[in-house]
Structure formats: structure tokens, C-alpha cells
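Quick note on the working numbering: the sequence shown kicks off at 34 and runs consecutively. Working notes, beginning with the structure itself.
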Amino acid sequence: MAVAEIMAIMSTINAAAGAINKVAGTCSDVETIGAFVGKLGQAQIDLQVYKNKRGNNLSQEEHIQLALAKKAYDEKMAEIKDLFYWSGNAHIWDNMQIEMANARKRRIAEIKAKAEARRKAIKMAAYGFLGLLVAVAGFIVLFLGIRAYAEEVAWWTNNLSGIAYSVGIRW
């Protein structure tokens, strides 16, 4: 399952790189390539998120697959960078790098916000459960208190009735 996720990310890298090479071979418009660079940037974020999500629990095969995916990404980005620089559009490449960095920051912030929202939801559910538990415990204590008081009242009523009857007081 884990390797399948990495392979999906690698296929995104290869598809975007293939599309870039196809576009670069058929036209000289470097701006057309920008959309595909965005997909490559997204693949890089996905790789980092996967690695962070799994932490130190990666198998040897996953480490190898991640290393290969990172190598493929780095090679494709180097090719694209060269394409932009050779065509005299280094400023576009620089702007795309800035935008990709901003997109990475936004995506990481979004992931952190989702994780924080999940933690808050779990915390609220725990507080709700604790409140329900306290309410049920309070109800049980109240019920037992009323029951004990009712037994006490019944005892006094029975005894007082017997004393009153023996003294001659009739209810």
C-alpha cells in the first residue's frame, strides 16, 4: 500500500515531465510549460507529506522508492530549469520558483490546519464524553440519594404511625 502511494507520486512526476518534454519539443512558448511545473511541485509536496506522515516507520523498500522519486524529481526540475535558462526566460523560472515555494507553504499550512482541526475535534469529543459521564454519574448519585432519603422517610413514617396509633392518634 505504501509503495503504491510513492509509485503514484512517481507517475505524476513522470507524466508531468513527459508532458513538458512534449510541449518543449513542439513549441517554443516557455509559459505553456508552467502548468506542468506546478504538477511537479505538487509531487514534491506529496513526497514530503508522505515522508513526514510516516516518520521513522519507513521500510527499506519505501526509503528506496522515496530516494528514486526524489532523484527523478530533481533531474526533471534541472532539465526544466535549463530549458528556461537556455531560452532566455530565467526570470520566468525564478518567478515560478517563488510561486512554487508559496504554494508549498500554503499546502503545508493547510495540512497543519487540518491536523489541528482534527486534534480539536478529538479533544471536544473527549470533553463531551467526559461531560456525559459526569452527568450520568450525577444522575446516579442523585437517584441513590433520593432512594436513601425515601427509605429514611418511610422508616420514620412507619414508626411514627405505630407510635401515634398506640397513643391513640388516628390519621
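Note that CB positions come from ideal geometry on N, CA and C, so glycine has one too. Treat the numbers as computed from the prediction; the structure is a model and nothing was measured.
Nearest-angstrom Cβ-Cβ length linking residue i and residue j, presumed shorter than 8 Å
| i | j | result |
| --- | --- | --- |
| Y106 | L73 | 7 Å |
| L80 | K114 | About 18 Å separates the two Cβ atoms, so there is no contact after all. |
| R137 | I78 | 6 Å |
Residue i, buried or exposed, once every other Cβ within 10 Å from all chains shown has been counted against 16
| i | result |
| --- | --- |
| A76 | buried |
| Y205 | Limits of the chain in this structure are 34 at one end and 204 at the other, which puts residue 205 out of reach. |
| Y83 | buried |
| L99 | buried |
| L193 | exposed |
| M157 | exposed |
| W126 | buried |
Alpha helix (DSSP H) segment containing residue i, residue limits
| i | result |
| --- | --- |
| L116 | 93 to 119 |
8 Å CB neighbourhood of residue i in its chain, flanking five on each side removed
| i | result |
| --- | --- |
| K153 | none |
Own chain, CB closer than 7 Å to residue i, minus 5 neighbours either side, in chain order
| i | result |
| --- | --- |
| I144 | V82 |
Taking only runs of the beta strand (DSSP E) that begin and end inside the segment 134 to 171, which ones reach a length of at least 3 residues, in chain order? none
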